[in-house]
Amino acid sequence: MRLGLTIEVTREASSLGARIVYATIEGVSVSKGNPGIERYLSEVVSQIRKRYALESLKENPVIRAYRDFFWRIGIDPTKTRPSSEALIRRILKGRPVPRINNVVDSGNLASIITLVPIGLYDVAKINGKLLLRMAKEGEKFEPIGSKEEELTGKEPVLADERKVIHLYPHRDSERTKIDENTKEVLVVACGVPKVESSLLLEATNLTLELITQFAGGKIGQEPSWAPKS
């Protein structure tokens with residue numbers, strides 16, 4: 058295990074209301090096609106269809122909080138939706154939830170249940186300490202499955218000492234994604250104003266529980282809050 062993985066939040070990012078709970082889990086075994094996940098997801102999909110309606114989903118207080126944050130950082134949430142909302146909308150429209158691997162699928166399940174966006178990163182691919190900060194103008198970011206983008210300097214980002222690994226709170230980097238060689242995972246619950254602290258902790262703990270259940274491993278670093286730098 059890599060010891061002492063830390064995340065800090067700059068005052069500028071904190072002033073937007075960005076808050077992070079993070080933890081690590083080590084010794085995972087990444088694979089695809091997990092029957093246990095399929096059974097668990099089937100139950101969750103049934104519950105989601107009973108609990109939410111497509112036409113009123115945006116009025117849910119947690120969904121609304123993330124939408125408001127998107128507007129605040131210059132993203133139209135009717136075009137680029139918060140990841141948790143996007144997953145639930147797929148379910149309510151009768152579309153399948155994407156299957157990636159047992160670790161990423163576990164994070165998606167936790168996000169669907171709690172409505173909190175969850176980021177997952179391969180610890181071995183992280184260079185140095187992590188900082189939630191504002192992007193630098195012209196800085197590059199390579200999202201999963203897309204071409205490299207140039208940032209404007211107005212985006213909140215999570216970055217290590219070499220590169221941006223996350224556009225907060227909705228897009229992760231190709232460079233730190235979970236793959237079949239991943240052994241240690243950083244779990245990040247992305248918080249915004251009006252989302253209760255207890256919900257962020259719940260989302261983190263649920264993600265750790267599901268990864269352990271479906272991909273093995275054990276907790277390396279217990280959930281903690283990212284302090285201001």
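If you count by our numbering, then the sequence shown holds residues 58 to 286, one letter each, in order.
Backbone N, C-alpha and C define an ideal beta-carbon position, used for all residues, glycine too.
Can you give the Cα-Cα distance for Gly93 and Asn165, rounded to whole angstroms? The alpha-carbon separation between Gly93 and Asn165 amounts to approximately 14 Å.
Go ahead and label Asp236 buried or exposed: buried means 16 or more other beta carbons lie within 10 angstroms of its beta carbon, across all protein chains shown. exposed
Using three-state DSSP, classify Gly164 as helix, strand or coil. Note: Gly164 maps to helix in three-state DSSP.
Taking DSSP's pairing of strands, which residues face Lys275 in a bridge? For Lys275, the beta-bridge partners assigned by DSSP are Glu83.
Endpoints, the beta strand (DSSP E) within which Arg190 is located: Boundaries of the beta strand (DSSP E) harbouring Arg190: 187-191, taken from the DSSP string.
Is Ser230 helix, strand or coil when you go by DSSP? strand
Hey, out of Ser286, Glu212, Lys193, Lys240, whose CA is closest to Thr81's CA? Lys240
Beta-bridge pairing of Phe198 - partner residues as DSSP gives them: Glu206
How long is the line joining the alpha carbons of Glu259 and Tyr79, rounded to whole angstroms? When the Cα atoms are used, Glu259 and Tyr79 turn out to be separated by approximately 11 Å.
Beta strand (DSSP E) containing Glu241: first to last residue? 241-248
Report the rounded CA-to-CA distance for Thr233 versus Leu111, giving the unit in angstroms. 33 Å
Counting along the chain, where does the alpha helix (DSSP H) carrying Asp217 start and finish? Here Asp217 belongs to no alpha helix (DSSP H), and DSSP marks it neither H nor E.
For Glu196 and Glu205, I'd like the C-alpha separation in whole angstroms. 10 Å
Neighbourhood of Gly131 by C-beta, 7 Å cutoff - its chain only, sequence neighbours within 5 removed: Hits under 7 Å: Lys211.
Using the Cα positions of Pro213 and Tyr225, report the straight-line distance between them to the nearest angstrom. 5 Å
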